[in-house]
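First up is the structure itself, then whatever we jot down about it.
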Amino acid sequence: MSAALEYAHYQFEGNDELCLKVGSHHPKTILLIPPLFDEMNRMRRMLLDVMRLLDAKGIGSALPDLPGTNESLFPQERASLMIWRQALFACTSELSVAPYVASFRGGCLIDDFVEDVKLWRFSPVKGQMLMKTMMRTRIASDKEAGLSTNMAQLTAEAGQGQVNLAGNNIGSALFSQLEEAFPSPVRAVRTTQLESSTRAADTKLPGSALWLRAEPDDDLLLSAAIADDLALWISE
Amino acid sequence: MSENLDLTPEAAVRAVMQDILGLDADQVSAFTADTELFGALPELDSMAVAGLLTELEDRLDIMIEDDEVDGEMFETFGNLVAFAEMKAAE
Chain A
32 MSAALEYAHY
42 QFEGNDELCL
52 KVGSHHPKTI
62 LLIPPLFDEM
72 NRMRRMLLDV
82 MRLLDAKGIG
92 SALPDLPGTN
102 ESLFPQERAS
112 LMIWRQALFA
122 CTSELSVAPY
132 VASFRGGCLI
142 DDFVEDVKLW
152 RFSPVKGQML
162 MKTMMRTRIA
172 SDKEAGLSTN
182 MAQLTAEAGQ
192 GQVNLAGNNI
202 GSALFSQLEE
212 AFPSPVRAVR
222 TTQLESSTRA
232 ADTKLPGSAL
242 WLRAEPDDDL
252 LLSAAIADDL
262 ALWISE
Chain B
857 MSENLDLTPE
867 AAVRAVMQDI
877 LGLDADQVSA
887 FTADTELFGA
897 LPELDSMAVA
907 GLLTELEDRL
917 DIMIEDDEVD
927 GEMFETFGNL
937 VAFAEMKAAE
């Protein structure tokens, strides 16, 4: 797997945002919307493997940084679901990516940034679940430092501007949006889950829940299954 | 999406532990009630525990309050399963 990575950029609110591309010479390109927060770090390597495998199948892919994540210089506390949707729109317009969108975990919360695209989802998650895990991590690390914090306090702190959860500065807008956010019910979507999941899905894929793993890791079984399913979906 | 199929609390705990530790099904099926968890497994740090609780809530359709969580619950696999069974029965 030696496909060349292209470090493309798109403009958003005056910042240069990174967008990794592989195989941009192919006739079709899939936009990959990464998981949010720490889940993105744990799954990034797997996603890059998916991109290389897609390239070998003659399919291009693009993986943008969402403002305030990864390499982005956008102020983290200003990020919101709306900002991320706008950024995805800017990215797809500038780099002529779409109309194929594949979103992963929390990325499924913002894949409704444009109409008339074919959507593919992997293990979609509610915003509240992501928030709860991050709040629990903060509570646990406070406890180790001898501080007693609870979710109500963190919610109040977020309401006053921003709150730091598991290393992320979450602004009040994003905090309240995530509490309510769920993947938008759209008609044309192919939903995939892990074989170990009990949730309803159009198809189940082998592999492990990398987002639960303590350290980032790859999973070639999963990345190959995802690339195969994406290739099947895009050919329909 | 809440179309969760029936899953026993023990099966859910086993499946989540498998995902967190990156084990295969055979390895995690060897876990017994006495298998030590927190402290014995370096992967099981506070962030992993946070993910484990949220994932159990989701898979078993339960709610876990902060004040119900203590260190003892993570000492052994048996303790964690007992907690999940207690919550699922509520």
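Residue numbers (the numbering used here), protein chains in the order written: chain A, 32 to 267; chain B, 857 to 946. The beta-carbon is built from N, C-alpha and C at its ideal position, and this holds for glycine as well. Keep in mind that this is a model prediction, so the values were computed, not measured.
Neighbouring residues, chain A, relative to residue i (Cβ below 7 Å)
i        : result
Gly907/B : Thr164 and Leu243
Leu863/B : Thr229
Interface partners of residue i on chain B, CB under 7 Å
i        : result
Ala204/A : What Ala204/A touches in chain B: nothing, since even the nearest Cβ is about 22 Å away.
Thr269/A : Examination of residue 269/A is not possible in this model, given that chain A is present from 32 through 267 alone.
Glu171/A : Checking the sequence shown, residue 171/A turns out to be Ala, not Glu. In chain order: Ser902, Val905 and Ala906.
Closer than 8 Å to chain A by CB, residue i
i        : result
Asp917/B : no
Asp922/B : yes
Asp882/B : no
Thr891/B : no
Ala896/B : no
Asp914/B : yes
Asp875/B : yes
Ala871/B : yes
Presumed contact (8 Å Cβ cut-off) between residue i and residue j, rounded CB distance
i        : j        : result
Ala232/A : Thr223/A : 6 Å
Leu97/A  : Met82/A  : Actually they do not touch by this definition, with Cβ atoms about 17 Å apart.
Gln193/A : Ser203/A : 7 Å
CB contact check: residue i to chain B, cutoff 8 Å
i        : result
Asn72/A  : no
Ala197/A : yes
Leu236/A : no
Asp143/A : no
Glu175/A : yes
Pro65/A  : no
Ala240/A : yes
Asp248/A : yes
Met113/A : no
Nearest neighbour of residue i, chosen from the options [CA to CA]
i        : options                                   : result
Leu63/A  : Asp249/A, Pro130/A and Leu209/A           : Pro130/A
Ile257/A : Leu51/A, His40/A, Lys88/A and Asp47/A     : Lys88/A
Ile920/B : Ala896/B, Thr932/B, Ile876/B and Glu946/B : Glu946/B
Val872/B : Asp248/A, Arg244/A and Ile265/A           : Arg244/A
Glu175/A : Ile918/B, Asp926/B, Arg915/B and Ala868/B : Asp926/B
Lys163/A : Pro155/A, Leu196/A and Gly190/A           : Leu196/A
His57/A  : Phe105/A, Gly91/A and Glu70/A             : Gly91/A
Gln191/A : Leu49/A, Cys50/A, Ala34/A and Glu108/A    : Glu108/A
Status (buried if at least 16 other CB within 10 Å, exposed otherwise) for residue i
i        : result
Glu44/A  : exposed
Tyr38/A  : exposed
Asp914/B : buried
Thr100/A : buried
Phe252/A : Per the sequence shown, the amino acid found at residue 252/A is Leu instead of Phe. With fewer than 16 Cβ atoms within 10 Å of its Cβ, Leu252/A is classed as exposed.
Val156/A : buried
Within chain B, the residues that residue i reaches when beta carbons sit closer than 9 Å
i       : result
Ala77/A : Per the sequence presented here, residue 77/A reads as Met, with Ala not at that position. Neighbours of Met77/A on chain B: none; closest Cβ ~12 Å, over 9 Å.
Amino acids of chain B, ordered along the chain, whose beta-carbon sits closer than 8 Å to that of residue i
i        : result
Met182/A : Asp922
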